[in-house]
Amino acid sequence: MITVVIATQLREDRLGYLTAMHTSLTRQSVPWQAVISIDGTDPARLPAPLAADPRVHTLALPRPVGAACARNLALNEVRTEYVNWADDDDEFAPGAMAARLEVLEATGVGWCAGWSEDHHPDGSTTVWRCPTPPGRHEAGDVWTYWPSPAHTIPIGPTTILARTELVRAAPMGGLVQGEDYCAAVGVTNLAPGILLPQAVYRYRKYAGQMTSQPGYDQLEPAAREHAWQYGRALRAALNRTAHARG
Numbered sequence: 005m006i007t008v009v010i011a012t013q014l015r016e017d018r019l020g021y022l023t024a025m026h027t028s029l030t031r032q033s034v035p036w037q038a039v040i041s042i043d044g045t046d047p048a049r050l051p052a053p054l055a056a057d058p059r060v061h062t063l064a065l066p067r068p069v070g071a072a073c074a075r076n077l078a079l080n081e082v083r084t085e086y087v088n089w090a091d092d093d094d095e096f097a098p099g100a101m102a103a104r105l106e107v108l109e110a111t112g113v114g115w116c117a118g119w120s121e122d123h124h125p126d127g128s129t130t131v132w133r134c135p136t137p138p139g140r141h142e143a144g145d146v147w148t149y150w151p152s153p154a155h156t157i158p159i160g161p162t163t164i165l166a167r168t169e170l171v172r173a174a175p176m177g178g179l180v181q182g183e184d185y186c187a188a189v190g191v192t193n194l195a196p197g198i199l200l201p202q203a204v205y206r207y208r209k210y211a212g213q214m215t216s217q218p219g220y221d222q223l224e225p226a227a228r229e230h231a232w233q234y235g236r237a238l239r240a241a242l243n244r245t246a247h248a249r250g
């Protein structure tokens, strides 16, 4: 019922982390599959445990297109009811899939998310509690916990398990970074959902992560501004439509 979509360039320094991501998936208690979107590099570099797992499907793109495009193209391969975005250097917490799937199946909401943990080089973790409080949130409510582009994003994009049709309607944004901000505010604007007060995703903190690279800060304000404005405009448009129908 669940497909995890991961974009990767199969960089040497991330192959071990990608294997760890796969291991975290094998420890989940509910059935899953993964689509690995290989962004313009040799698919033969895929770590052996993933290559040998029939639940892992690959989409080998003929040239580099960037994370947002690689992820969106991978959506074409999804055939399950639910989708979860993930990065190639992170991990899912034990029980993450089951906890959120149970809520989705029991309530019929469009998405279910949780908190994330920062996974530090020494193996320790620190829980990141997003600004959006735990509980049920109606369509559009999550964006209201993002007061301005400069503030912390309202919810962790990779903590969201959502219905596939919602993700197709609000995929990754057309940005070189911050594309997942658009995905998060898009999905949560389109349908009600529930945030669980538990960590479901482990975000690896290390020197090789994208947010630590030179030049990252140059475009971050503009990316945040775009995603924030997208969320604001989408929420306003949906509210106008609802009022017109009422």
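Heads up: the sequence shown at position 31 corresponds to 35 in my numbering, and the numbers run straight through without jumps.
Positions of the beta carbon are idealized from the N, C-alpha and C atoms, including for glycine.
Return the Cβ separation of Y234 and G177 in integer angstroms, given the expectation that the two are a contact with Cβ distance under 8 Å.
7 Å between Cβ atoms; contact.
Of the choices P135, A90 and V113, whose alpha-carbon is the least far from that of H26?
The shortest Cα separation from H26 among P135, A90 and V113 belongs to A90.
Using DSSP's beta-bridge definition, name the partner residues of L194.
Partner(s): none; L194 has no beta bridge.
Exposed or buried, which one is N88 when buried takes at least 16 other CB atoms within 10 Å?
Label assigned to N88: buried.
Could you round the C-beta distance between V191 and A203 to whole angstroms and report it? I think they count as a contact, below 8 Å.
Not quite, the Cβ-Cβ distance comes to about 20 Å (not below 8 Å), so this is no contact.
Closest to P137 by C-alpha separation, out of D221, V39, G20 and P158, would be which residue?
Taking only the C-alpha atoms, the option nearest P137 is P158.
Entirely within the segment 145–207 and at least 4 residues each: give me those alpha helix (DSSP H) ranges in chain order.
If we require 4 residues or more, the alpha helix (DSSP H) runs fully inside the segment 145–207 come out as 168–173 and 183–194.
Quick check for students: name the residue ranges of the alpha helix (DSSP H) that lie wholly in the segment 109–141, counting only runs of 4 or more.
Correct list: empty.
Which same chain residues end up closer than 6 Å to Y149 when comparing Cβ atoms and leaving out the 5 residues on each side of it in sequence?
Excluding sequence neighbours, Y149 sits near P135, T136 and P158.
Can S120 and R49 be called in contact, C-beta distance under 8 Å?
Not closer than 8 Å, so no.
For the alpha helix (DSSP H) that Y21 lies in, which residues bound it at each end?
From DSSP, the alpha helix (DSSP H) with Y21 extends over L19 to T30.
Helix or strand or just coil, what does DSSP make of Y86?
Of the three classes helix, strand and coil, the one that applies to Y86 here is strand, per DSSP.
So which of D122, P161, T163 and T245 has the shortest CA-CA distance to Y210?
Ranking D122, P161, T163 and T245 by Cα distance to Y210 puts D122 first.
Using DSSP's beta-bridge definition, name the partner residues of L63.
DSSP lists S41 as partners of L63.
Would you call the CB atoms of V252 and S41 closer than 8 Å?
Any property of residue 252 remains undetermined from this structure, which presents the chain solely from 5 to 250.
Rounded to whole angstroms, what's the CA-CA distance from E16 to G139? Just pull it up for me.
Straight-line Cα distance between these residues: approximately 40 Å.
Who are the near neighbours of H141 in its chain, counting only those whose CB is closer than 8 Å to its CB and skipping five residues on each side?
Cβ within range, chain order: T192, P196, G197, I198 and L199.
What three-state label does DSSP hand A97 in the structure shown?
The answer is coil: DSSP assigns A97 none of H, G, I, E or B.
Quick one: measure Cβ to Cβ for D184 and P151, integer angstroms, because I've assumed they're closer than 8 Å.
Going by Cβ atoms, the distance from D184 to P151 rounds to 19 Å, so no, they are not a contact pair.
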